[in-house]
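*Asks:* Got a structure here, written out as C-alpha cells. Questions coming.
Number of protein chains: 2
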Amino acid sequence: MKVITAISNMQKQMLTDKAQCKSIGFVPTMGFLHDGHASLLRKARAENDLVVLSIFVNPLQFGPNEDLDAYPRDFDRDNQLAEQLGTDYIFAPSADEMYPGPPSVVVKTTARTEVLCGKSRPGHFDGVATVLTKLFNIVRPDRVYFGMKDAQQVAVVEGLLADFHFPIELVAGETVREPDGLAKSSRNVYLLPNERSEAAFIYKALRLAEQMAAAGEKSAAKIQAAVETVIRENTTGQIDYLEILTYPDLEQVGELKGKIIVAAAVRFQKARLIDNIILTIE
Amino acid sequence: MKVITAISNMQKQMLTDKAQCKSIGFVPTMGFLHDGHASLLRKARAENDLVVLSIFVNPLQFGPNEDLDAYPRDFDRDNQLAEQLGTDYIFAPSADEMYPGPPSVVVKTTARTEVLCGKSRPGHFDGVATVLTKLFNIVRPDRVYFGMKDAQQVAVVEGLLADFHFPIELVAGETVREPDGLAKSSRNVYLLPNERSEAAFIYKALRLAEQMAAAGEKSAAKIQAAVETVIRENTTGQIDYLEILTYPDLEQVGELKGKIIVAAAVRFQKARLIDNIILTIE
Numbered sequence: 001m002k003v004i005t006a007i008s009n010m011q012k013q014m015l016t017d018k019a020q021c022k023s024i025g026f027v028p029t030m031g032f033l034h035d036g037h038a039s040l041l042r043k044a045r046a047e048n049d050l051v052v053l054s055i056f057v058n059p060l061q062f063g064p065n066e067d068l069d070a071y072p073r074d075f076d077r078d079n080q081l082a083e084q085l086g087t088d089y090i091f092a093p094s095a096d097e098m099y100p101g102p103p104s105v106v107v108k109t110t111a112r113t114e115v116l117c118g119k120s121r122p123g124h125f126d127g128v129a130t131v132l133t134k135l136f137n138i139v140r141p142d143r144v145y146f147g148m149k150d151a152q153q154v155a156v157v158e159g160l161l162a163d164f165h166f167p168i169e170l171v172a173g174e175t176v177r178e179p180d181g182l183a184k185s186s187r188n189v190y191l192l193p194n195e196r197s198e199a200a201f202i203y204k205a206l207r208l209a210e211q212m213a214a215a216g217e218k219s220a221a222k223i224q225a226a227v228e229t230v231i232r233e234n235t236t237g238q239i240d241y242l243e244i245l246t247y248p249d250l251e252q253v254g255e256l257k258g259k260i261i262v263a264a265a266v267r268f269q270k271a272r273l274i275d276n277i278i279l280t281i282e
Numbered sequence: 001m002k003v004i005t006a007i008s009n010m011q012k013q014m015l016t017d018k019a020q021c022k023s024i025g026f027v028p029t030m031g032f033l034h035d036g037h038a039s040l041l042r043k044a045r046a047e048n049d050l051v052v053l054s055i056f057v058n059p060l061q062f063g064p065n066e067d068l069d070a071y072p073r074d075f076d077r078d079n080q081l082a083e084q085l086g087t088d089y090i091f092a093p094s095a096d097e098m099y100p101g102p103p104s105v106v107v108k109t110t111a112r113t114e115v116l117c118g119k120s121r122p123g124h125f126d127g128v129a130t131v132l133t134k135l136f137n138i139v140r141p142d143r144v145y146f147g148m149k150d151a152q153q154v155a156v157v158e159g160l161l162a163d164f165h166f167p168i169e170l171v172a173g174e175t176v177r178e179p180d181g182l183a184k185s186s187r188n189v190y191l192l193p194n195e196r197s198e199a200a201f202i203y204k205a206l207r208l209a210e211q212m213a214a215a216g217e218k219s220a221a222k223i224q225a226a227v228e229t230v231i232r233e234n235t236t237g238q239i240d241y242l243e244i245l246t247y248p249d250l251e252q253v254g255e256l257k258g259k260i261i262v263a264a265a266v267r268f269q270k271a272r273l274i275d276n277i278i279l280t281i282e
C-alpha cells in the first residue's frame, strides 16, 4: 500500500494505472474509519483491480460553527485498517494542497439540497460537490463508493455524476449498524454515555416508520409525528430535522408512494447524528 | 470524420480511443467557424492523434437580452471545413441533450470574472465553466484549444483546469485577424458596412497602447485615455468597456508592469465585438 499526499503524484499514478487498463474503485472519506467505511473498502476490493482510499477532512463542507477542528482523526489506525483490507493507495492531501489559495471556480448545488442536511448546513453540499469534483479528476475512478447513512450525499453525488458526465459508477453501500441499531459514524465517539444508549432510539424510531408503512399507513404526517414522539420521549437530543421525502429527488410528499426516505438528524451535546431508512411503497 | 450528437456515444467513442492510447486534441466552439477556429483545428491536428471539434451554442452563457437566437449558424459549412482540416469527430449535441432538465449542479466562477466581459455579461463565465466541465468529461482530451481573442475565457479556463485538476493541457492560439486588423469573429457578419470599416480601429487603438508602452509610458490611465479616444473618434460604436489589467489574474493596475492585457468591447448596432492585446513590460 502506498500513501500519497501530493495531487500531482496521485494523478500521475492513476493515469499510469489506467493506461494499463486497471479498474479503479474509490472510497472517499474524512478518515477515522469505522465498520461502514470498512464495508465500502471490502466492496471496492471485490469489484476492482485497484482500491483507492482518500482521507481528507474537507474544510469546505464545514460551516463556521461546525466541528471542523474537533472532527476526530487517527491516521495510523486508518492506515493499518486500510492495509488489512487490501487497499492499494491512500490519498491523504493537506488542506493547503487541496486549497492552495482562493479558488477560481467552485461547484454549486442547485437541487436536492434545500432539505435535510442541506437546509441545516448551508453550503455543506457545495463543499462536498466541489471536493468530489476535484477528487474525481485526480483519482479518475471507475467506481465510487458511498454509504447510505449519508443518503442525501448519495443523491447529490448521483446528480453530480450525471450532470457533469463523469464516467463513474456510483455504488451505495448499506448503512452499517451497532448491535443496538445505532448507525456507525465517526462522530459517535463524541456521545456521552447516556447519549450513546439513547441514540439507539433514532433507528428504533425509523423502524417504526417502516412498520407503520408496512401496515398500510400512507400519511407522511402521521408517520412523522409517531417517529418524532419516539425520539423525543427516549432521548435528550434535539431533533434538528425529521423529514419524509421522495428519494432520490428529495421532494415533499403527503401520501407515501414509490421510493421514500425517512430521515432524521438529532443534535446531542457534542455530536449531531443522522440516520435514515428508505421505504419502497407498492 | 464522424458526426456524433449523443453524449453517451461521444463518451464511449473517446473512452475507446483513449484505451488505445490515442492523444486527443479538443477544439470547443459555438460553430460558424472562421479562420481563428481553423488555425486552432490545424494546431490540434499537428499535435494530437485525434482531433475533436464540438459545435454547441451554449444557452447557459447567454444573458436574457443577448443574441442566443440570432447567433449565426451554418452546420454544413462547418462540417465541410472541419473535414478539410482533418478533424476526426464533430460533437454537435442539441441543447436538450446537454441540458435535459433543471441541473443539480453548476460551476460558479469566483475569480477573474468581475471585470471585462464578466462584468458586462453577468453569469456568462459560469455558463462557460459549466459547459466546459461537461464537455471535458465527455471528450476527455489531452489538449484543449482556445483563441486569445477571448483572453478572459482563456484565463477562466486556466483557473478551471487548475482548480478542478483536469489533466488537460491548455493551448492558447493567437488571435487571427482580417487584413485591416479586425479580429476574426463569428459575430462580424452582423456588422453594417460602415461599421465593418470602423471596426478596424479597435485593433488600431490597441496597437497604440502597445506603441505607447514600448515608448516607455507606464501610466495605465494615460494609455487608457488615448485608446478610448481612438475608438471614440473613429467608430459609431459604444465602448462597453476598455480596461488595462494584469494577465491572467485580471487585477487592476496603475503602473504597467509584468504581463498586462489591454482589452476592449465595443457595441455596434447588431454586434458586440471584443479584442485585446497582451503586453509584457520589462
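Which chain is which? The protein sequence lines are W and Z, in order. 1 is the number of the first residue of the first sequence in the UniProt record's numbering; add one for each residue after it. 1 is the number of the first residue of the second sequence in the UniProt record's numbering; add one for each residue after it. C-beta atoms are modelled at their ideal positions from N, C-alpha and C, and glycine is treated no differently.
Does DSSP classify W:L182 as helix, strand or coil?
*Replies:* Coil.
*Asks:* Excluding the five sequence neighbours on either side, which residues of its own chain have a C-beta within less than 8 angstroms of the C-beta of Z:V253, listed in chain order?
*Replies:* Once the five neighbours on either side are set aside, the close Cβ partners of Z:V253 are A220, I244, L245, T246 and I260.
*Asks:* Name, going along the chain, the residues of the region 119 to 148 of chain W whose beta-carbon falls closer than 7 angstroms to a beta-carbon of chain Z.
*Replies:* The region 119 to 148 of chain W vs chain Z, Cβ under 7 angstroms: A129, T133, K134, N137 and I138.
*Asks:* Could you list which residues in chain W have their beta carbon closer than 9 angstroms to that of Z:L50, in chain order?
*Replies:* Residues of chain W passing the Cβ test: none, with the nearest at roughly 16 angstroms.
*Asks:* Taking only three categories from DSSP, how would you classify Z:Q269?
*Replies:* The answer is coil: DSSP assigns Z:Q269 none of H, G, I, E or B.
*Asks:* Under DSSP, the alpha helix (DSSP H) around Z:T133 begins and ends at which residues?
*Replies:* Z:T133 -> alpha helix (DSSP H) spans H124 to V139.
*Asks:* Taking the beta carbon of Z:N194 as the centre, do at least 16 other beta carbons fall within 10 Å, making it buried, or is it exposed?
*Replies:* Burial call: exposed.
*Asks:* If you measure between the beta carbons of W:G31 and W:G147, is that distance less than 7 angstroms?
*Replies:* No; because the gap between Cβ atoms is not below 7 angstroms, this pair is not in contact.
*Asks:* Have a look at Z:D49 and Z:R232 and give me their C-alpha separation to the nearest angstrom.
*Replies:* Near 47 angstroms, if we compare the C-alpha coordinates of Z:R232 and Z:D49.
*Asks:* On the CB-based measure, 16 or more other CB atoms within 10 Å of its CB, does Z:D96 come out buried or exposed?
*Replies:* So Z:D96 counts as exposed.
*Asks:* When DSSP builds the beta bridges, which residues end up paired with W:P28?
*Replies:* DSSP lists W:S54 as partners of W:P28.
*Asks:* So with Cβ pairs under 7 angstroms, would you call Z:D240 a contact of chain W?
*Replies:* No - not a single Cβ of chain W is within 7 angstroms of the one on Z:D240.
*Asks:* Per the contact definition of three or more C-beta pairs closer than 8 angstroms, is the region 131 to 139 of chain Z in contact with the region 154 to 171 of chain W?
*Replies:* Yes, the region 154 to 171 of chain W touches the region 131 to 139 of chain Z.
*Asks:* Check whether the region 98 to 110 of chain Z and the region 105 to 117 of chain W are in contact - that is, three or more C-beta pairs closer than 8 angstroms.
*Replies:* Yes: the two stretches touch, three or more of their Cβ pairs being nearer than 8 angstroms.
*Asks:* Got a sec? Which residues, its chain only, sit under 7 angstroms from residue 312 of chain W by beta carbon, not counting five neighbours each side?
*Replies:* There is simply no residue 312 of chain W to check, as chain W begins at 1 and stops at 282 in what is shown.
*Asks:* Chain W beta carbons: is any one of them nearer than 7 angstroms to that of Z:P167?
*Replies:* Closer than 7 angstroms: yes.
*Asks:* By a C-beta neighbour count over all protein chains shown, 10 Å radius and 16 as the cutoff for buried, is W:E198 buried or exposed?
*Replies:* Counting Cβ neighbours within 10 Å, W:E198 comes out buried, since at least 16 surround it.
*Asks:* Could you confirm whether any beta carbon from chain Z is found closer than 7 angstroms to the beta carbon of W:F268?
*Replies:* So, not an interface residue.
*Asks:* Is it buried or exposed for Z:L40, if we count other Cβ within 10 angstroms and need 16 for buried?
*Replies:* Result: buried.
*Asks:* If you measure beta-carbon to beta-carbon, which residues of the region 89 to 110 of chain W are closer than 7 angstroms to chain Z?
*Replies:* Per Cβ criterion, the list reads P102, P103, S104, V105, V106, V107, K108, T109 and T110.
*Asks:* Any idea if Z:G216 is buried or exposed, counting beta-carbon neighbours within 10 angstroms, 16 or more meaning buried?
*Replies:* It is exposed - the Cβ of Z:G216 has fewer than 16 other Cβ atoms within 10 Å.
*Asks:* Pick from W:D69, W:Q13, W:V154 and W:R42: whose alpha carbon is nearest that of W:I278?
*Replies:* It is W:V154 whose Cα lies nearest to the Cα of W:I278.
*Asks:* Along the chain, which unbroken stretches of the beta strand (DSSP E) at least 3 residues long are found entirely within the region 177 to 246 of chain Z?
*Replies:* Segments of the beta strand (DSSP E) lying fully in the region 177 to 246 of chain Z: 238 to 246.
*Asks:* Would you list the residues sitting across from Z:L279 in a DSSP beta bridge?
*Replies:* Answer is Z:I260, bridged to Z:L279.
*Asks:* Show which residues of chain Z have a CB atom less than 9 angstroms away from the CB atom of W:G159.
*Replies:* Result: P103, S104 and V105.
*Asks:* So residue 283 of chain W is in the alpha helix (DSSP H); what residue range does that whole segment cover?
*Replies:* Coverage of chain W is limited to positions 1 through 282, which leaves residue 283 of chain W absent and any answer about it impossible.
*Asks:* Could you check the C-alpha separation between Z:P102 and Z:E255 for me, to the nearest Å?
*Replies:* Near 46 angstroms, if we compare the C-alpha coordinates of Z:E255 and Z:P102.
*Asks:* Are the beta-carbon atoms of Z:V156 and Z:F125 separated by less than 7 angstroms?
*Replies:* Closer than 7 angstroms, so yes.
*Asks:* Which bits of chain W does Z:I7 rub up against, with CB to CB less than 9 angstroms?
*Replies:* Under the 9 angstroms cutoff, chain W gives H165.
*Asks:* Could you name the residues of chain Z that W:L15 contacts, counting a contact when the two beta carbons are closer than 8 angstroms?
*Replies:* Residues of chain Z passing the Cβ test: P167.
*Asks:* Does DSSP put W:I7 in a helix, in a strand, or in coil?
*Replies:* W:I7: helix per DSSP, three-state reduction.
*Asks:* Have a look at Z:R272 and W:P141 and give me their C-alpha separation to the nearest angstrom.
*Replies:* Going by the C-alpha atoms only, they are around 43 angstroms apart.
*Asks:* Would DSSP call Z:E169 helix, strand or coil?
*Replies:* It is a strand residue.
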